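Everything on this sheet refers to the single structure shown next.
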Amino acid sequence: MSIILETSSKSALIYAPGGRDAMVAASILTEAGIVSRIFSDLESLCHALGEHVTFVVITEEAILGADLKLLSSWVESQPSWSDLPFVVLTHRGGGPERNPAAARLSEILRNVTFFERPFHATSFISVAKTALRARSRQYEALNRMEELSEGERRLQTALRAGRLGSWEYDVATGALLTSDVCKAVFGRSPGDSFLFDNLVDSIHADDRGRMQTAIQNAISTGLDFEIEYRTIWPDSSAHWAEFRGRVVKDRDGNVSRLVGVSSDITARKTAEKELIELNGTLEERVVERTLELNNAHQSLIDEVKQREVAEEHLRQAQKMEAIGHLTGGVAHDFNNLLMAVLGNLDLLRKHFADDPKAVRLIDGALQGAQRGAALTQRLLAFARRQDLKVEPVDLVELVKGMTDLLWRSVGSKIQINYDLPAGLPPVLADANQIELALLNLVVNSRDAMANGGEIAIGVKKTEIASATGDLTAGIYVVLSVRDTGQGMSPETLKRAIDPFFSTKELGKGTGLGLSMIHGLAVQLRGALRLSSSTGAGTTAELWLPMSTKMKNDVVAADAAVPAIDEAKFRILVVDDDALIAMSTVDMLEDLGHEVIEAHSGLEALEILKGGQEVDFLITDYSMPKMTGAELAKAARALKPDLPILIATGYADLPPGADIDVPRLGKPYNQADLAAHIAKALVL
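The sequence shown begins at 0 in numbering that gives the first Met the number 0 and counts up one residue at a time.
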């Protein structure tokens, strides 16, 4: 019997002339979640082998006396990283010392485990999983080898582009390894032998001592070295070489190797000599030419470093994007849970209106759920870029509403003080984005005070009489965050709002926080101003223009919806979540409406096609097979005048929704539901 488990398909291939063992093994593997397929001959088994195979299980009697040349040939031809595990099921048990046939199989199969029958299914699965893990480590080794190979190819490409030869010198053995380009620097061909003694002998006699001294000094001090010297090629021609080296130490801190690069600088040295020999008036040209050559050499090194930095920035940006997608998904699902909680609590409060204790308990639960809803809105604002919803915002009330979140964000070692005077005018801003900016500034202050400290958050009104570099004349409300942290040097302060610039450790910051806040301020016709000095903390001020309208005016305008409380309608509710659908139906029926319930877009379309009278359609957006937007388009095709309301936990409908339908954000209560129905039916 032979079983081959493939990593790509998670299936086992079985070869068993008797048949019974194959069925038993297949049954055990099936119970373990591994699909199996049976082979009828050894040749087919051998043709099925490949690098994708994870391990092979063979019964001893199936291959005793068989011609194993094809199998042995495949085992011998495996890549260097591969050592395919074989599990041989035997009746006699024991390894090569007790089973002579086992010795032969060990030589042929190499990586083999002998497993005695009869066996328990659990033991068989354990052996199979052990082989799986062993094979997985081989694949991991292959991946590491490929990564190292790719890194080596990139390095060699960079070296070739800069005409740099690489070398490595083993201090203990005196062995020297050189690239083809390095050999060419000394006039050797790629196939020539080039030992350390050959290198020393090729150096001009007048420069040989300097070279040997530089190497010995690097070994004794551990410092990098750079030296230029003349070389004599095998054809007796003289050239110039530049040698740069770095010390590599072993685990005990002893110098084990020297590694570095070499380059042929004959052209540069020749040019220098020619320029020096020219008239003194050409000295300036000599300096410029030498500088150009040095800059070209340094430019290559700088480009390699810049590429590494850019790759790291890209990884960080991808990580933040992934976190944003995850956060948005979690917040959306949490909104759905809060929907069921808020809806049911809202109805319970009406039914227990005469019970003060019950009302108090329900109000407490409602406040907790509403805080959760506010938290999900912040998560959704972080998860995606949104168009700014500019409206009058009371900064004092906004900061007060975030006190709990800010306190939890900084921890117990940091004290937050507030200066929030009453009577300040509102500003024109997007409340969600301002909350995110404030949270970002507070977290930055926290990170600047590793041993604790104080953060002062204040709001004040300021008037600018004449335009400055970043602000026009007018009245502004300033939100400030001041900390007692380590502060920033003048050089760091100049670059603080540059994208991707960060003073935090790698992996602890993206360098995008302050640049995003700066962009938000500019978009709102305000400014972000930073002041700091080393050891004296940092102050960040977000200047926002005052609004000529009050927040209550906007609310009143939004609330100006004609009342239709006396009208009762037949409403079709569509939601794939049974808890949310039940909560919405209960709230609508409590309002006196007749409700038809559907749990998918297709089911809702069948109801509409069936001829039932429907006055209003409320549908969830995120549903399997058919989204709420797709349902709305299909419903409009059937009934063009049907009022439709989409309920969703997303901050904005995802791209591609492309439908002009009123939207009700989850979680909502009965009052929100009634108001949106009234507005939609009137409009």
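Just so it is clear, CB atoms sit at the ideal spot from N, CA and C, and this is done for glycine as well. Quick caveat, the model's predicted, so the values are computed rather than measured.
Residue i and residue j closer than 8 Å at C-beta
i: E683; j: A580; result: The first residue shown for the chain is 0 and the last is 682, placing residue 683 beyond what the model contains.
i: S408; j: V442; result: yes
i: Y228; j: R209; result: yes
i: L175; j: L198; result: yes
i: V458; j: V398; result: yes
i: S255; j: A171; result: yes
i: V56; j: A31; result: no
i: F113; j: P84; result: no
i: A368; j: L404; result: no
Rounded separation between residue i and residue j - CA only
i: P420; j: V395; result: 8 Å
i: A47; j: H119; result: 28 Å
i: G164; j: E42; result: 50 Å
i: V553; j: M545; result: For V553, the predicted structure reports a pLDDT of 44, less than 50, and the residue's modelled location is therefore unreliable. A value from the coordinates is still provided. V553 and M545: Cα-Cα distance of roughly 15 Å.
i: W406; j: I415; result: 7 Å
i: L131; j: S71; result: 21 Å
i: I676; j: S479; result: 41 Å
i: I37; j: T58; result: 13 Å
i: P687; j: A679; result: Here the chain comprises residues numbered 0 to 682, so residue 687 is not present and cannot be evaluated.
i: E453; j: A535; result: 12 Å
i: A102; j: P117; result: 21 Å
i: D393; j: G422; result: 10 Å
i: A633; j: P639; result: 10 Å
i: A577; j: M625; result: 17 Å
i: T509; j: I516; result: For T509, the pLDDT reaches just 47, beneath the cut-off of 50, and the residue's location in the model is therefore unreliable, although a value from the coordinates is still provided. Answer to the nearest angstrom: the Cα atoms are 13 Å apart.
i: P99; j: P78; result: 29 Å
i: E310; j: E490; result: 25 Å
i: S532; j: R250; result: 41 Å
i: A526; j: A464; result: 16 Å
i: L672; j: Q366; result: 18 Å
i: D575; j: H598; result: 4 Å
i: A566; j: H592; result: 8 Å
i: Q669; j: G609; result: 29 Å
i: A380; j: E151; result: Low per-residue confidence applies at A380: pLDDT is 49, beneath 50, and the placement is therefore not dependable enough to give any value.
i: S235; j: I300; result: 32 Å
i: H296; j: E271; result: 16 Å
i: M487; j: R306; result: 27 Å
i: A603; j: P666; result: 22 Å
i: P425; j: S298; result: 52 Å
i: F568; j: A352; result: 26 Å
i: T29; j: H90; result: 24 Å
i: M401; j: S582; result: 29 Å
i: D332; j: G371; result: 12 Å
i: V613; j: I658; result: 21 Å
i: K128; j: L104; result: 22 Å
i: P642; j: E434; result: 35 Å
i: K268; j: S188; result: 23 Å
Beta carbon proximity, residue i to chain C, threshold 8 Å
i: E227; result: The chain inventory of the structure shown lacks chain C, comprising one protein chain alone.
Contact set for residue i: own chain, Cβ-Cβ below 7 Å, skip 5 residues either direction
i: S201; result: F185, T230, I231
i: S81; result: E50, Q137
i: A447; result: D482, G484, Q485, T537
i: A428; result: V389, V392, L523, L543
i: W73; result: C45, L48
i: E461; result: As written in the sequence, residue 461 is Thr, which differs from the Glu given in the question. If we look at T461 and ignore the five residues flanking it on each side, its Cβ neighbours are Y475, V477.
i: L519; result: Q432, A436
i: D354; result: none
Contacts around residue i, its chain only, beta-carbon distance under 6 Å, and the 5 residues preceding and following it disregarded
i: L663; result: L644, A646, H675
i: L141; result: W80
i: Y417; result: I456
i: F123; result: I27
i: E683; result: Residue 683 lies beyond the range of the chain shown here (0 to 682); nothing can be said about it.
i: A213; result: F224, I226
Nonlocal neighbours in the same chain, by C-beta distance under 8 Å from residue i, ignoring five residues either side
i: N450; result: K412
i: V258; result: S165, W166, E167, Y168, G244, R245, V247
i: D223; result: A217, R243, G244, R245, V246
i: G600; result: V573, T618, M622, K624, M625, T626, G627, E629, L630, A633
- [ ] Quick one: which unbroken alpha helix (DSSP H) runs of 4-plus residues sit fully inside the region 589-673? Chain order, please.
- [x] 600-608, 627-637
TODO: Report yes or no: do three or more beta-carbon pairs, one from the region 341-350 and one from the region 583-597, lie closer than 8 Å?
DONE: yes
Task: Touch test, the region 101-118 against the region 60-78, Cβ-Cβ under 8 Å, three pairs minimum - done: yes
TODO: May I ask you to verify whether the region 257-275 touches the region 168-187, counting CB pairs closer than 8 Å and requiring at least 3?
DONE: yes
Task: Secondary structure, beta strand (DSSP E): runs of 3+ residues fully inside the region 381-469 - done: 390-392, 413-418, 426-428, 452-463
- [ ] Please specify which runs of the beta strand (DSSP E), each continuous and at least 3 residues long, are wholly inside the region 61-148, giving them in chain order.
- [x] 85-89, 111-115
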